[in-house]
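>
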Amino acid sequence: MALAAAIAVLHAQHRSEMLKHQLATLQTEQADREQAVARRPQPRPHYAADAAAVVATQAVPIDAALSAIEHTYVQGVLVQALELTPAARAITLRLEFGAPDLALSYVVLLNQHDARINWSIESIEMGAGDASSRPIATVKGVFRD
184 MALAAAIAVL HAQHRSEMLK HQLATLQTEQ ADREQAVARR PQPRPHYAAD
234 AAAVVATQAV PIDAALSAIE HTYVQGVLVQ ALELTPAARA ITLRLEFGAP
284 DLALSYVVLL NQHDARINWS IESIEMGAGD ASSRPIATVK GVFRD
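Note that this note's numbering gives residue 184 to position 1 of the sequence shown, counting from 1, and the numbers run on in steps of one.
#1: In terms of residues, what are the limits of the alpha helix (DSSP H) holding Val243?
#2: Roughly how many angstroms separate the alpha carbons of Ala235 and Ala271, rounded to a whole number?
#3: My output table needs one value for Ser303: the three-state DSSP class, helix, strand or coil.
#4: What is the rounded straight-line gap between the Cα of Ala282 and the Cα of Val262?
#5: Please go through the same chain and pick out, in chain order, the residues whose beta-carbon is closer than 6 Å to the beta-carbon of Ile274, but skip the five residues on each side of it.
#6: Please state whether the Cβ-Cβ distance between Leu276 and Leu265 is less than 8 Å.
#7: Suppose the cutoff is 8 Å on Cβ atoms and the five residues either side in sequence are ignored; what does the same chain contact list for Gly259 look like?
#8: Below 8 Å CB to CB, which residues in the same chain sit around Met309 once its five sequence neighbours on both sides are set aside?
#9: Taking Cβ to Cβ, would you say Thr255 is nearer than 8 Å to Leu293?
#10: Roughly how many angstroms separate the alpha carbons of Trp302 and Leu278, rounded to a whole number?
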(Lines of atoms letter the chains of each structure in order from A and count residues from 1; the text may use other names and numbers.)
(Lines give C-alpha, C1' and ligand atoms only; values in the text may rest on other atoms or scores of the structure.)
Protein backbone atom coordinates (compact mmCIF):
# COMPACT_ATOMS: atom_id res chain seq x y z
CA MET A 1 0.00 0.00 0.00
CA ALA A 2 2.77 2.39 0.85
CA LEU A 3 4.40 1.56 -2.45
CA ALA A 4 1.21 2.33 -4.34
CA ALA A 5 0.87 5.64 -2.51
CA ALA A 6 4.48 6.54 -3.29
CA ILE A 7 3.97 5.69 -6.96
CA ALA A 8 0.81 7.82 -7.02
CA VAL A 9 2.69 10.76 -5.46
CA LEU A 10 5.56 10.40 -7.95
CA HIS A 11 3.09 10.20 -10.82
CA ALA A 12 1.29 13.33 -9.58
CA GLN A 13 4.60 15.20 -9.23
CA HIS A 14 5.65 14.15 -12.73
CA ARG A 15 2.28 15.22 -14.13
CA SER A 16 2.56 18.54 -12.27
CA GLU A 17 6.03 19.16 -13.76
CA MET A 18 4.74 18.34 -17.25
CA LEU A 19 1.82 20.77 -16.84
CA LYS A 20 4.16 23.51 -15.56
CA HIS A 21 6.39 22.97 -18.60
CA GLN A 22 3.38 23.10 -20.97
CA LEU A 23 2.15 26.28 -19.27
CA ALA A 24 5.58 27.93 -19.61
CA THR A 25 5.71 26.94 -23.30
CA LEU A 26 2.23 28.34 -23.96
CA GLN A 27 3.06 31.60 -22.13
CA THR A 28 6.25 32.00 -24.19
CA GLU A 29 4.35 31.38 -27.43
CA GLN A 30 1.66 33.88 -26.40
CA ALA A 31 4.29 36.53 -25.57
CA ASP A 32 5.97 35.92 -28.95
CA ARG A 33 2.62 36.35 -30.76
CA GLU A 34 1.89 39.57 -28.86
CA GLN A 35 5.33 40.96 -29.73
CA ALA A 36 4.84 40.04 -33.38
CA VAL A 37 1.50 41.86 -33.42
CA ALA A 38 3.03 44.89 -31.69
CA ARG A 39 5.87 45.04 -34.24
CA ARG A 40 3.51 44.75 -37.20
CA PRO A 41 2.89 48.18 -38.76
CA GLN A 42 -0.62 49.31 -38.04
CA PRO A 43 -2.64 50.48 -41.03
CA ARG A 44 -3.68 54.11 -40.96
CA PRO A 45 -7.40 54.58 -40.47
CA HIS A 46 -9.26 55.39 -43.68
CA TYR A 47 -10.08 58.85 -42.34
CA ALA A 48 -6.47 59.76 -41.42
CA ALA A 49 -5.89 61.97 -44.47
CA ASP A 50 -9.12 63.90 -43.84
CA ALA A 51 -8.27 64.30 -40.16
CA ALA A 52 -4.81 65.61 -41.03
CA ALA A 53 -6.36 68.11 -43.45
CA VAL A 54 -8.74 69.36 -40.77
CA VAL A 55 -5.86 69.80 -38.31
CA ALA A 56 -3.79 71.62 -40.96
CA THR A 57 -6.74 73.90 -41.76
CA GLN A 58 -7.18 74.78 -38.09
CA ALA A 59 -3.51 75.78 -37.88
CA VAL A 60 -3.85 78.38 -40.66
CA PRO A 61 -5.33 81.86 -39.98
CA ILE A 62 -7.96 81.55 -42.72
CA ASP A 63 -10.13 84.26 -41.17
CA ALA A 64 -7.33 86.79 -41.53
CA ALA A 65 -6.82 85.90 -45.20
CA LEU A 66 -10.52 86.05 -46.02
CA SER A 67 -10.86 89.34 -44.17
CA ALA A 68 -7.94 90.82 -46.13
CA ILE A 69 -9.49 89.71 -49.42
CA GLU A 70 -12.92 90.96 -48.41
CA HIS A 71 -11.62 94.39 -47.36
CA THR A 72 -9.28 94.96 -50.29
CA TYR A 73 -10.84 96.78 -53.20
CA VAL A 74 -9.16 98.07 -56.33
CA GLN A 75 -11.41 99.20 -59.15
CA GLY A 76 -10.73 97.04 -62.20
CA VAL A 77 -9.66 93.96 -60.20
CA LEU A 78 -12.02 91.01 -59.80
CA VAL A 79 -11.30 87.93 -57.69
CA GLN A 80 -12.30 84.96 -59.85
CA ALA A 81 -11.19 82.06 -57.68
CA LEU A 82 -9.73 81.25 -54.29
CA GLU A 83 -7.95 78.03 -53.33
CA LEU A 84 -6.82 77.19 -49.82
CA THR A 85 -3.94 74.72 -49.45
CA PRO A 86 -3.57 74.14 -45.69
CA ALA A 87 -0.75 71.60 -46.04
CA ALA A 88 1.35 74.23 -47.83
CA ARG A 89 0.03 76.97 -45.49
CA ALA A 90 -1.00 78.96 -48.56
CA ILE A 91 -3.97 80.55 -50.26
CA THR A 92 -4.05 81.21 -54.00
CA LEU A 93 -6.18 83.84 -55.72
CA ARG A 94 -6.96 84.15 -59.39
CA LEU A 95 -7.52 87.79 -60.29
CA GLU A 96 -8.90 89.34 -63.45
CA PHE A 97 -7.59 92.85 -63.94
CA GLY A 98 -7.64 95.71 -66.44
CA ALA A 99 -4.00 96.84 -66.26
CA PRO A 100 -0.84 95.27 -64.74
CA ASP A 101 -0.41 98.08 -62.22
CA LEU A 102 -3.87 97.28 -60.82
CA ALA A 103 -2.84 93.72 -59.90
CA LEU A 104 0.27 95.06 -58.20
CA SER A 105 -1.79 97.66 -56.31
CA TYR A 106 -4.13 94.91 -55.14
CA VAL A 107 -1.25 92.83 -53.79
CA VAL A 108 0.27 95.85 -52.01
CA LEU A 109 -3.07 96.49 -50.30
CA LEU A 110 -3.45 92.82 -49.34
CA ASN A 111 -0.04 92.91 -47.64
CA GLN A 112 -1.15 95.85 -45.49
CA HIS A 113 -3.88 93.82 -43.74
CA ASP A 114 -2.13 91.09 -41.76
CA ALA A 115 1.60 90.60 -41.22
CA ARG A 116 1.09 86.83 -40.83
CA ILE A 117 0.37 86.53 -44.55
CA ASN A 118 2.87 87.37 -47.29
CA TRP A 119 1.09 88.02 -50.60
CA SER A 120 2.92 87.99 -53.94
CA ILE A 121 2.14 87.72 -57.64
CA GLU A 122 3.00 84.24 -58.89
CA SER A 123 2.16 84.72 -62.57
CA ILE A 124 0.36 86.94 -65.05
CA GLU A 125 -1.38 85.68 -68.18
CA MET A 126 -2.07 88.39 -70.70
CA GLY A 127 -5.38 88.24 -72.56
CA ALA A 128 -5.73 86.64 -76.00
CA GLY A 129 -5.79 90.04 -77.62
CA ASP A 130 -9.52 90.45 -78.18
CA ALA A 131 -11.59 92.98 -76.28
CA SER A 132 -13.44 90.39 -74.18
CA SER A 133 -10.27 88.77 -72.84
CA ARG A 134 -8.69 90.37 -69.77
CA PRO A 135 -5.36 89.52 -68.14
CA ILE A 136 -5.32 87.06 -65.24
CA ALA A 137 -2.95 87.17 -62.28
CA THR A 138 -2.27 84.32 -59.90
CA VAL A 139 -1.57 85.72 -56.44
CA LYS A 140 -0.33 83.55 -53.59
CA GLY A 141 -0.57 84.28 -49.89
CA VAL A 142 1.78 82.28 -47.68
CA PHE A 143 1.01 82.08 -43.97
CA ARG A 144 3.98 82.75 -41.72
CA ASP A 145 4.45 80.85 -38.48
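The beta carbon of each residue, even a glycine, is placed where N, CA and C say it ideally should be. Everything numeric in this text was worked out from a predicted model, so none of it was measured.
For this structure:
#1: First-last for Val243: undefined, no H or E at that position.
#2: 13 Å
#3: strand
#4: 14 Å
#5: Ala248, Leu267 and Gly324
#6: yes
#7: Phe280, Gly281, Ala282 and Leu285
#8: Pro318
#9: yes
#10: 13 Å
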